[in-house]
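**Q**
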Amino acid sequence: MDIHHLVKMANDIGVFYEALPDRNEAINSIATHLKNFWEPRMRREIIDFAKRGAGHDPQLKEIVREAILTLQ
Numbered sequence: 033m034d035i036h037h038l039v040k041m042a043n044d045i046g047v048f049y050e051a052l053p054d055r056n057e058a059i060n061s062i063a064t065h066l067k068n069f070w071e072p073r074m075r076r077e078i079i080d081f082a083k084r085g086a087g088h089d090p091q092l093k094e095i096v097r098e099a100i101l102t103l104q
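Sequential numbering of the sequence shown, starting at 33, is according to our numbering.
1. Three or more C-beta pairs under 8 Å: does that hold for the segment 71-79 against the segment 46-61?
2. Quick check: the Cα distance between Met-92 and His-65, rounded to an integer number of angstroms?
3. Counting only C-beta atoms, is Glu-94 closer than 8 Å to chain C at any point?
Next comes the structure, spelled out in structure tokens:
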């Protein structure tokens with residue numbers, strides 16, 4: 033799957049949960065959403081991308097990167 037599309041989807045999820053008043057709850061909610069609704073191949077690709085810290089294009093929101101890295 034195209035990493036640009038995965039990053040956009042992950043960031044969209046992040047925007048939704050980022051509104052929660054507790055940052056840790058938001059991070060946990062993002063990670064839970066990815067675990068529950070993304071297929072393993074999609075999770076592997078976004079985890080690998082987040083671990084590489086892959087430049088600035090495409091850009092993961094920091095809260096999303098933190099959530100993804102909890103999935104390892």
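Beta carbons are placed, not taken as given, at the ideal position from N, Cα and C, and that holds for glycine. All values derive from a computational prediction rather than experimental measurement.
**A** According to the data block:
1. The segment 71-79, when compared against the segment 46-61, does not touch it at the 8 Å Cβ threshold.
2. Your numbering for residue 92 matches position 60 in the sequence shown. Your numbering for residue 65 matches position 33 in the sequence shown. Note on residue identity: the sequence assigns Leu, not Met, to residue 92. Using only the alpha carbons, I get a separation of about 16 Å.
3. Considering every chain present, this structure includes no chain C. It has just one protein chain.
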